[in-house]
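What follows is a short report on a single structure.
Number of protein chains: 2
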Amino acid sequence: MYKYTRTDMKNRNERLMEIRRLIGSRNISSQDELIKILEKQGYEMTQATLSRDLKYLKVAKMPDDQAGYVYILPDKEQVVEAAELSGRGLSGLISLNFAQGMAILRTLPGHASSIAYTIDNLDAYEISGTIAGDDTILLIPRDGVSRSDLVNLLQLRMPGLLQGASH
Amino acid sequence: MYKYTRTDMKNRNERLMEIRRLIGSRNISSQDELIKILEKQGYEMTQATLSRDLKYLKVAKMPDDQAGYVYILPDKEQVVEAAELSGRGLSGLISLNFAQGMAILRTLPGHASSIAYTIDNLDAYEISGTIAGDDTILLIPRDGVSRSDLVNLLQLRMPGLLQGASH
DNA sequence: TCAGTTCGTGTATATTTATACATTTGGAAT
DNA sequence: ATTCCAAATGTATAAATATACACGAACTGA
């Protein structure tokens, strides 16, 4: 017994638009998750149909630090960017990486120097010095200081800084 | 019996970069397909590891009219970047040198930050970050990335940049 | 040195997603 | 009107992908 027929196009188009809207407005990690949301809104469908809808809409599934995987719209201006931003710490720090024995901190544009200034003023033993660009800070640790030492220091002395930052 | 150990990081980094290169240069529709290509190039791995690699590299899978589904890099459109670049005439680069595992780019006075900004926006895997002064850019490569990797990257993603620059 | 930790990985499996096939029905063609 | 076709979908399953667990090597700190 089939419930939907060709005359339900209006229904389908509505659903497709709602799917787009949902994916653009929040992080969704699986088709099952999306189906449950749609069901609450009165859309009834199976996973197979949703799979086809997503293909039709050219929705991609992309790894994400917070959610594991999220669906993203094919548009140029990815809503993901904004979502990721809003999910990040208030301090402006985006990520903390280590390379060549140094720490590289990426920040929101324009935030680097103020964060670096604060770090400098910790007068921390572990830190030899910092250099800030516009959105990047190079942090040179004292010799022998480990990555975890630095992370610990920053978490201890600047609580909230690493909130939401990937590292 | 495990074939790879932690000291094979070079191998892993190589593999990650090769995966990026492959995905950027042709349409690949499944992990199995990618594994077969990698195997022909001498990389041995299981599907599980490839799945983790793709997650690490933030590679997304997107519906495609021709191939059904294709993997895409997390970067902004590469070709667009290149076009923007040539349009802006970012040819203020004077020289490219390597020291202490990092790259030092000398530019015409005042050109450093705009070039660094463009480099940052490549979101290149190979680059941990950049810091720009007035006429100097410090580029910190990701661990395991070689000089030639970097030169290749810049030539590929920013054609024209190295034109006339000594290195 | 030695215990504890982290990392990269394989194995096996769970989870997730895509699709072959069947079915219904409105509309098109004759 | 009758027949045919195409779209949309469900069902069942195949295919693809992610991950829990374990392991061994390398690093860390004491």
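Sequences listed follow chains A and B, in order. Its first residue numbered 1, the first sequence is counted upward by one per residue in our numbering. Its first residue numbered 1001, the second sequence is counted upward by one per residue in our numbering. The C-beta atom is built at its ideal place from N, Cα and C for all residues, glycine as well.
Check: Distance between beta carbons of I1140 of chain B and M62 of chain A, contact taken as under 8 angstroms; Outcome: That pair is no contact at about 25 angstroms.
Check: Uninterrupted alpha helix (DSSP H) stretches inside the segment 1020 to 1076 of chain B (no shorter than 4 residues); Outcome: 1031 to 1040 and 1047 to 1056
Check: Closer than 8 angstroms at the beta carbon, the chain B residues around R106 of chain A; Outcome: G1129
Check: Three-state secondary structure (DSSP) of A1112 of chain B; Outcome: helix
Check: Residue from B:G1068, B:K1058, B:I1035 and B:V1151 with nearest C-alpha to N1097 of chain B; Outcome: B:V1151
Check: I1035 of chain B versus A116 of chain A: straight-line alpha-carbon distance, rounded; Outcome: 43 angstroms
Check: Host beta strand (DSSP E) of R106 of chain A (start-end); Outcome: M102 to T107
Check: Close-in-space but distant-in-sequence residues of the same chain around S233 of chain A (CB under 7 angstroms, 5 per side omitted); Outcome: The structure shown does not extend to residue 233 of chain A, since chain A spans only 1 to 167, so no value can be given for it.
Check: Given N11 of chain A as reference, the closest of A:A112, A:E44 and A:L93 once Cα atoms are compared; Outcome: A:E44
Check: 7 angstroms CB neighbourhood of I104 of chain A in its chain, flanking five on each side removed; Outcome: N97, T136 and L138
Check: Cutoff 8 angstroms: D134 of chain A Cβ touching any chain B Cβ; Outcome: yes
Check: Proximity test, Cβ basis, 8 angstroms: M1017 of chain B and chain A; Outcome: no
Check: Nearest-angstrom Cβ-Cβ length linking L1057 of chain B and Y1125 of chain B, presumed shorter than 8 angstroms; Outcome: 7 angstroms
Check: Counted within 10 angstroms of its Cβ, other Cβ atoms place S1148 of chain B as buried (16 or more) or exposed; Outcome: exposed
Check: Cβ-Cβ separation, I131 of chain A to I119 of chain A (assumed contact under 8 angstroms), whole Å; Outcome: So it is not a contact: roughly 11 angstroms between Cβ atoms.
Check: Residues near L1050 of chain B in its chain [Cβ-Cβ closer than 7 angstroms; skip 5 each side]; Outcome: Q1031, L1034 and I1035
Check: Bridge partners - I131 of chain A, DSSP secondary structure assignment; Outcome: A:L138
Check: Which listed residue (B:D1065, B:L1016 and B:R1026) has its alpha carbon closest to that of D952 of chain B; Outcome: Absent from the model: residue 952 of chain B. The displayed extent of chain B is 1001 to 1167, so no value can be given.
Check: 8 angstroms contact criterion, which D134 of chain A and S1113 of chain B should meet: CB distance rounded; Outcome: 7 angstroms
Check: Under the three-state DSSP convention, the category S1148 of chain B falls into; Outcome: helix
Check: Close-in-space but distant-in-sequence residues of the same chain around Q47 of chain A (CB under 6 angstroms, 5 per side omitted); Outcome: Q31
Check: Test item: CB-CB of A1060 of chain B and I94 of chain A under 8 angstroms; Outcome: no
Check: Neighbour list for L944 of chain B in chain A, Cβ cutoff strictly below 9 angstroms; Outcome: Examination of residue 944 of chain B is not possible in this model, given that chain B is present from 1001 through 1167 alone.
Check: Distance between beta carbons of N1027 of chain B and G1144 of chain B, contact taken as under 8 angstroms; Outcome: About 27 angstroms separates the two Cβ atoms, so there is no contact after all.
Check: Pick from B:P1074, B:D1065 and B:D1064 that is closest to R1021 of chain B, judged by C-alpha positions; Outcome: B:P1074
Check: Straight-line gap, G42 of chain A to T107 of chain A (C-alpha atoms, nearest Å); Outcome: 42 angstroms
Check: Contacts of M1062 of chain B in chain A (Cβ-Cβ under 9 angstroms); Outcome: K58, V59, A60, K61, M62, I72 and P74
Check: When B:E1018, B:D1065 and B:G1024 are compared against K1040 of chain B, the one with the closest alpha-carbon; Outcome: B:E1018
Check: Closest Cα partner of D1065 of chain B within the set A:K55, A:D64 and A:D65; Outcome: A:K55
Check: Residues of the segment 1110 to 1121 of chain B with Cβ closer than 8 angstroms to any Cβ of chain A, in chain order; Outcome: S1113, A1116, Y1117 and D1120
Check: Buried versus exposed, by CB contacts within 10 Å (16 or more), R1173 of chain B; Outcome: Nothing can be reported for residue 1173 of chain B, as the shown portion of chain B is limited to 1001 through 1167.
Check: Neighbourhood of G92 of chain A by C-beta, 6 angstroms cutoff - its chain only, sequence neighbours within 5 removed; Outcome: T107, L108 and H111
Check: Contacts of K1036 of chain B in chain A (Cβ-Cβ under 9 angstroms); Outcome: Per Cβ cutoff of 9 angstroms: no residues; K1036 of chain B is ~22 angstroms from chain A at best.
Check: M102 of chain A at chain B interface by Cβ criterion, 8 angstroms; Outcome: yes
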